[in-house]
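Trainee: Let me begin by handing over the structure; questions about it come next.
Protein chains: 2
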Amino acid sequence: MRKIYLDKVSLDEAKQKFFGKFHNLKTEAEEIEVEKAVGKVSSEAVYARRSAPNFYASAMDGIAVKSENTAGASERNPVQFKKDKEAVFVDTGDPVPSDFDAVIKIENVVENDDSTFEINKGVSPWHNIRSIGESVVKGEMIIPSNHKIRDFDLGALIEAGIKKVAVYKKPAVKIIPTGNELVNADSELKKGQLVEFNSKMIKSSIFKWGGRAKTTDIIPDDKKMIQNNIKESVKNNDITIVLAGSSAGKEDYTLNILENLGRVIIHGVNIMPGKPVILAEVNNKPVIGLPGYPLSALLNNYIFIRKLIYSLQGLKSPELPEVEAKVKRKVPSEIGLEEFLRVSLTEINNEIIAVPKKRGSAAMKSLVKADGIMRIAENKEGLSKNNKAPVILLEDKENIKNNLSLIGSHDLSLDLIQDEIQKSIKDFYLNIQSVGSMAGLMALKRGECQLAGAHLLDPETGNYNLTHLKRIFKDKKMALITLVERQQGFYIKKGNPKNINSISDLLRKDIAFINRQRGAGTRVLFDYLLNKSEIEPAKISGYDQEEFTHIAAAIAVGRGSADAALGIKAAAKAAEVDFIPVTEERYDLILFEENLQDPRIEYLISLLKKKEIQKKIEKLGGYKTEKTGEISIVGNK
Amino acid sequence: MRKIYLDKVSLDEAKQKFFGKFHNLKTEAEEIEVEKAVGKVSSEAVYARRSAPNFYASAMDGIAVKSENTAGASERNPVQFKKDKEAVFVDTGDPVPSDFDAVIKIENVVENDDSTFEINKGVSPWHNIRSIGESVVKGEMIIPSNHKIRDFDLGALIEAGIKKVAVYKKPAVKIIPTGNELVNADSELKKGQLVEFNSKMIKSSIFKWGGRAKTTDIIPDDKKMIQNNIKESVKNNDITIVLAGSSAGKEDYTLNILENLGRVIIHGVNIMPGKPVILAEVNNKPVIGLPGYPLSALLNNYIFIRKLIYSLQGLKSPELPEVEAKVKRKVPSEIGLEEFLRVSLTEINNEIIAVPKKRGSAAMKSLVKADGIMRIAENKEGLSKNNKAPVILLEDKENIKNNLSLIGSHDLSLDLIQDEIQKSIKDFYLNIQSVGSMAGLMALKRGECQLAGAHLLDPETGNYNLTHLKRIFKDKKMALITLVERQQGFYIKKGNPKNINSISDLLRKDIAFINRQRGAGTRVLFDYLLNKSEIEPAKISGYDQEEFTHIAAAIAVGRGSADAALGIKAAAKAAEVDFIPVTEERYDLILFEENLQDPRIEYLISLLKKKEIQKKIEKLGGYKTEKTGEISIVGNK
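Taken in sequence, the protein lines are chains H and A.
The first sequence begins at 0 in numbering that gives the first Met the number 0 and counts up by one.
The second sequence begins at 0 in numbering that gives the first Met the number 0 and counts up by one.
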């Protein structure tokens with residue numbers, strides 16, 4: 000029988016058992032030059048070896064005097080000093096000659112002539128004089144144990160005469176990627192093969208946290224080989240990570256190997272993604288089996304390995320920045336699993352709003368585009384509309400307050416606009432979520448974004464968006480900013496091998512169509528075209544198979560998963576398929592009229608009106624930009 | 000005439016003028032291998048070169064089936080599949096054979112015997128199947144321009160077939176330390192010489208922010224040499240930093256040189272410390288003259304150079320973490336200067352309380368010991384009691400809520416205890432501020448700390464601390480935790496060259512004493528001893544000269560700045576001076592009785608009671624630890 004999951008445990012229990020075991024584990028200490036110590040952690044307290052300054056020094060640029068000679072000086076009765084006899088110039092840090100006991104700062108000194116100074120305020124003894132050891136005194140503790148050495152600590156250490164410090168070595172990690180289906184990034188991909196990149200992500204995370212990692216070659220699903228690699232790694236490394244091979248798949252030997260070599264502490268944690276993680280010990284060292292799904296591997300790396308890397312160096316792992324965010328829709332989640340959900344974030348009406356991304360799919364890309372990871376607790380069946388939940392912010396996305404969110408239909412020019420905003424180093428980021436025109440308008444209505452992107456045809460009047468806007472937003476005042484006018488048409492394979500020439504060809508038995516999802520403007524258009532030609536949708540093979548973006552549909556045709564799809568010309572160009580033009584349509588950015596004054600929107604409009612940017616959009620293929628940036632208003636005036 | 004300050008400007012104006020000039024400046028771009036790109040910033044958008052997956056893949060470990068064959072399956076009417084014919088095992092990521100269109104996860108499959116599977120729930124087409132390009136689609140933008148590449152971005156880039164990316168080069172910085180008084184850290188220090196460490200701090204800061212820096216040799220105060228070094232640097236570097244030479248001292252040529260070579264944008268900013276900074280441009284490149292005082296150099300580096308280093312790489316500089324903190328005392332500050340004040344932070348009664356450190360003095364060490372930098376605005380004459388002001392948190396001190404603050408008299412065993420807490424990786428940090436016994440009790444009363452450290456003799460009763468506690472805290476219930484009993488006595492030079500044997504020797508004309516500050520327990524003791532011997536303080540030469548810690552007083556004697564001082568034995572040992580025992584005294588940690596239950600206090604007491612720690616304390620010299628850790632209560636019962 001195949002081995003299914005072991006007893007899964009809650010995240011809290013897994014953390015307790017795992018970190019409980021390795022809490023006191025540290026790397027060896029080593030002595031290094033103090034100048035190389037910034038960012039490392041002291042393994043013992045460091046005490047000053049000398050005092051500084053080691054002489055009475057001036058704390059100011061000014062003149063050194065005897066304080067008793069300044070008594071009674073005032074605006075009315077200034078006191079004069081003979082240069083070089085009764086007073087001498089000193090700069091900050093200069094030794095104060097032993098017959099003087101105070102320094103008057105240069106701003107308060109009048110140079111009368113070449114031979115006298117004048118002052119009009121008395122000073123007390125030791126005024127502006129740094130005493131011996133004022134900065135540091137020999138024998139004092141400069142930094143304690145387990146202290147991460149900062150730039151200014153370095154200054155204090157050098158000042159105190161320290162040349163070497165004892166620090167914890169960087170934790171050594173060995174990463175062992177396993178799996179017959181994996182190949183290196185530089186290989187040509189055969190069907191069924193996947194590029195191995197988990198090891199590289201994990202390696203760079205470990206580096207960021209202060210560890211060092213080496214990766215073995217990709218090990219095939221061979222029990223003996225995996226076992227030998229683990230045994231070898233445990234001898235020479237602080238942490239061993241086995242990639243993939245932790246779930247219930249038929250080639251997953253890791254669990255069995257770890258049970259034999261040491262002790263499996265945890266197999267299976269109630270989190271999603273990331274459930275099938277293995278936390279084990281071999282020779283009192285941690286060995287972790289990470290699932291192969293990239294998000295699962297990544298999440299477990301952040302949950303379990305990050306803290307270890309820090310504690311091995313004697314550090315507490317810093318808290319990841321978190322915010323509370325509200326959802327404006329129901330978000331179902333499986334009870335009994337703590338879910339980590341990628342979300343976009345934006346601030347609307349002084350609230351941080353989270354919009355969940357689709358689960359599972361588009362793993363890496365959607366993480367790259369996400370602003371944070373929402374945590375839905377194990378004991379919750381999800382969130383209701385207007386519930387709040389904590390969101391871990393992704394690095395460099397801390398400035399979510401300035402995010403401008405656009406939800407709606409996908410258009411290739413949007414990426415270009417997003418990039419232009421980034422190039423300008425403006426203080427905001429354009430967040431784009433591709434969900435289809437109708438879903439975009441609904442998101443705008445729910446208050447999940449500032450902008451919706453739509454190209455919704457009204458078959459009765461032939462207008463774009465207006466009819467739908469009035470229906471959805473009633474007499475609310477809405478603004479439409481024209482993004483582009485663009486060509487829609489059929490994607491077909493290069494050279495048109497199946498000889499598709501009109502919409503009626505889609506009825507042929509040898510033709511498989513691929514459609515767009517419900518609510519997508521392009522699907523509305525397709526239904527309109529079918530209706531006009533009096534074709535029943537049910538007769539189109541593939542009508543129910545859906546892709547979510549133009550480019551995904553075009554790629555599907557290019558790959559031969561389908562013979563035809565409807566979409567914009569620019570995607571045909573990107574996906575290298577042929578294109579049969581069908582019609583021209585308008586794509587608008589839609590927002591509440593009151594938001595036209597938002598400086599981010601104003602900047603966006605100014606970009607759209609720039610000739611050079613319009614030219615770049617046209618270059619994508621099938622676009623007209625005469626009306627790009629034009630604003631129209633609908634609704635209650 | 001000597002050149003005094005130019006027109007000083009506000010910090011805001013300085014930032015505007017300086018960053019306004021260099022806002023668009025970037026380093027060159029270079030193509031690097033994608034695996035080395037994490038942490039660097041894309042100079043252009045990156046588009047996917049391939050789709051992934053490039054085949055229909057299983058999203059689960061399970062069995063692949065035809066979805067139509069699962070219709071109607073239920074608990075009562077399970078559906079059976081013949082192994083390898085009607086269903087096949089697939090692992091996550093495996094290609095789904097082309098005659099199947101759904102995957103049922105392994106947990107939902109019953110293996111009846113060697114030849115059949117059973118399921119009890121139907122699935123729809125494409126269930127658990129990842130479509131082609133689901134993760135990434137060729138031609139899509141993966142990351143935009145000016146995006147800092149993160150670990151998971153790396154995964155997405157590799158998956159999308161990216162091998163090289165264009166990133167901004169690390170900004171190249173040249174640091175030119177100048178000054179006749181400066182020597183390298185490995186030199187023997189002569190009188191008037193200072194160790195040059197500013198360049199090393201600044202170099203490590205720049206490294207942390209993503210730049211790379213090289214430092215020239217220390218350049219003497221020679222105009223020609225400094226000028227040549229600046230000219231040479233500007234040719235090959237993005238930023239040039241001249242250290243020292245920016246104030247009004249007589250050897251400060253930097254200003255003059257920069258006026259000749261280019262344009263001085265700002266000389267003098269209304270901040271403290273850090274006023275005499277020079278911000279200039281030479282050949283359209285930034286050249287910054289930093290003041291020599293380490294805190295000034297450091298602060299200006301953080302204010303002006305940090306942001307440049309980021310923007311040169313195409314990045315916004317992240318906000319430094321800040322909190323609002325309350326002061327429990329009046330904090331005067333000069334109007335017209337934005338002051339940056341080192342503070343300790345602790346949380347008391349759900350408020351973050353800031354305690355300012357002494358200005359100017361003990362520069363580096365007090366920064367190392369500080370938790371943050373309080374900003375007092377230019378238009379304020381300081382803060383009144385219970386005012387709040389923003390505090391920039393120092394790296395790794397983010398967990399200020401857990402700080403346990405101790406203010407009071409200095410004792411060497413406290414460093415040791417602080418270090419022991421650090422070693423235990425407990426979740427709190429023991430913050431120690433040495434200000435003298437009486438000042439500690441007043442701080443405790445004001446609510447600035449949880450613990451005061453005191454050894455205040457009551458000359459009338461001979462008791463320690465009790466009389467003062469009753470007077471200051473009235474009938475409030477207070478707890479005293481005995482830290483140590485310790486020897487007090489006179490510090491004298493090794494070998495007692497001046498033949499000091501009793502307190503009356505201090506009356507001798509050839510003997511200079513050095514005293515402790517008012518409110519210090521040791522000063523109280525000295526006054527008591529003088530009184531007992533019927534000696535008038537005014538007759539002691541040096542009675543008014545003050546040091547702030549035992550060890551500073553001992554060092555002063557060791558260096559010959561004074562012939563005698565009163566203090567604890569442990570400091571005599573550390574400072575290598577001789578010691579004439581005079582009396583034994585008790586040093587207590589004092590707190591409000593209600594705080595005895597605080598787990599941090601409980602842990603502290605448990606440490607004090609440990610035999611091994613008591614032994615370490617005794618080793619410091621002059622300590623008895625029989626009563627260490629004992630608790631007594633005074634006040635209203």
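The beta carbon of each residue, even a glycine, is placed where N, CA and C say it ideally should be.
Residue 544 of chain H to residue 350 of chain H, Cα distance in whole Å?
Mentor: 38 Å
Trainee: Can you grab the Cα-Cα spacing for the pair residue 309 of chain H / residue 148 of chain H, in whole Å?
Mentor: 14 Å
Trainee: Whose C-beta lies closer than 8 Å to the C-beta of residue 492 of chain H among residues of the same chain, with five residues either side of it excluded?
Mentor: 556, 557, 559, 562, 576, 577
Trainee: So, helix, strand or coil for residue 49 of chain A, using DSSP?
Mentor: coil
Trainee: Could you please give me the residues that DSSP links to residue 432 of chain A through a beta bridge?
Mentor: A:406
Trainee: For the candidate residues H:490, H:237, H:103, H:571, whose alpha-carbon lies nearest to that of residue 512 of chain H?
Mentor: H:490
Trainee: Below 8 Å on C-beta distance, what does residue 354 of chain H contact in chain A?
Mentor: Here the premise fails: no neighbours, minimum Cβ distance about 19 Å.
Trainee: Which runs of the beta strand (DSSP E) at least 3 residues long sit entirely within the segment 82-156 of chain A? Give them in chain order.
Mentor: 87-89, 101-104, 115-118, 140-142
Trainee: Take the Cβ of residue 353 of chain A as the centre, count every other Cβ of all protein chains shown within 10 Å, and call the residue buried at 16 or more, exposed below.
Mentor: buried
Trainee: Check the Cβ of residue 293 of chain A against every Cβ in chain H and list those closer than 7 Å, keeping chain order.
Mentor: 154
Trainee: Between residue 242 of chain H and residue 198 of chain H, which are expected to be in contact by the criterion C-beta below 8 Å, what is the C-beta distance as a whole number of angstroms?
Mentor: Going by Cβ atoms, the distance from residue 242 of chain H to residue 198 of chain H rounds to 6 Å, so yes, they are a contact pair.
Trainee: Interface residues of chain A around residue 422 of chain H at Cβ under 7 Å?
Mentor: Close to residue 422 of chain H, with beta-carbon spacing below 7 Å, are these residues of chain A in chain order: 144, 145.
Trainee: How many whole angstroms separate the CB atoms of residue 144 of chain H and residue 421 of chain A, which I take to be in contact at a CB cut-off of 8 Å?
Mentor: The C-beta distance from residue 144 of chain H to residue 421 of chain A rounds to 5 Å, short enough to meet the 8 Å contact threshold.
Trainee: Based on the DSSP output, what are the partners of residue 495 of chain A in its beta bridges?
Mentor: Answer by DSSP bridge pairing: none, since residue 495 of chain A is not bridged.
Trainee: Who does residue 177 of chain A pair with in a DSSP beta bridge?
Mentor: A:218
Trainee: Can you confirm whether the segment 131-146 of chain A touches the segment 31-51 of chain A when touching is taken to mean that 3 or more C-beta pairs between the two stretches lie within less than 8 Å?
Mentor: yes
Trainee: Use the C-beta contact count for residue 22 of chain H: other C-beta atoms within 10 angstroms, 16 or more gives buried, fewer gives exposed.
Mentor: In the assembly as shown, residue 22 of chain H is an exposed residue. Its beta-carbon has fewer than 16 other beta-carbons within 10 Å.
Trainee: Just confirm the distance between the C-beta atoms of residue 126 of chain H and residue 102 of chain H, as a whole number of angstroms; I'd bet it's less than 8 Å.
Mentor: 7 Å
Trainee: Check the Cβ-Cβ distances between residue 94 of chain A and every residue of chain H, and say whether any is below 7 Å.
Mentor: yes
Trainee: Taking 6 Å as the limit between beta carbons, can you name the residues of its chain near residue 14 of chain A, skipping five residues before and five after?
Mentor: none
Trainee: Check whether the Cβ of residue 59 of chain H lies closer than 7 Å to any Cβ atom in chain A.
Mentor: Chain A, which has no Cβ nearer than 7 Å to the Cβ of residue 59 of chain H, makes this no.
Trainee: Just grab the DSSP bridge partners of residue 80 of chain A for me.
Mentor: A:116
Trainee: Once DSSP output is grouped into helix, strand and coil, what is the label at residue 186 of chain H?
Mentor: coil
Trainee: Please go through the same chain and pick out, in chain order, the residues whose beta-carbon is closer than 8 Å to the beta-carbon of residue 28 of chain A, but skip the five residues on each side of it.
Mentor: 42, 43, 165, 166, 167, 168
Trainee: In whole angstroms, what separates the C-alpha of residue 51 of chain A from that of residue 365 of chain H?
Mentor: 13 Å
Trainee: Using a Cβ cut-off of 7 Å, pull out every chain A residue sitting near residue 200 of chain H, in sequence order please.
Mentor: For the C-beta of residue 200 of chain H, the chain A residues within less than 7 Å are, from N- to C-terminus, 150, 151, 153, 154.
Trainee: Please work out which residues of its chain come closer than 8 Å, Cβ to Cβ, to residue 72 of chain H, disregarding the five sequence neighbours upstream and downstream, and give them in chain order.
Mentor: 78, 118, 119, 120, 121
Trainee: Looking at the unbroken beta strand (DSSP E) that takes in residue 514 of chain A, where does it start and where does it end?
Mentor: Per DSSP, residue 514 of chain A is one residue of the beta strand (DSSP E) stretching across 512-515.
Trainee: Please list the segments of the beta strand (DSSP E) lying wholly inside the segment 538-603 of chain A, counting only runs of 3 or more residues, in order along the chain.
Mentor: 563-567, 577-591
Trainee: Using 8 Å as the Cβ pair cut-off and three pairs as the minimum, do the segment 368-385 of chain A and the segment 332-352 of chain A touch?
Mentor: Cβ pair count under 8 Å is three or more, so yes.
Trainee: Quick check: is the beta carbon of residue 536 of chain H nearer than 7 Å to any beta carbon in chain A?
Mentor: Not an interface residue.
Trainee: Which residues mark the beginning and the end of the beta strand (DSSP E) in which residue 253 of chain H is found?
Mentor: Where residue 253 of chain H is concerned, there is no enclosing beta strand (DSSP E), although the alpha helix (DSSP H) it sits in stretches over 253-260.
Trainee: Enumerate in chain order the residues of its own chain whose CB-to-CB distance from residue 362 of chain A is below 6 Å, with the five nearest sequence positions on each side excluded.
Mentor: Here the set comprises 293, 294.
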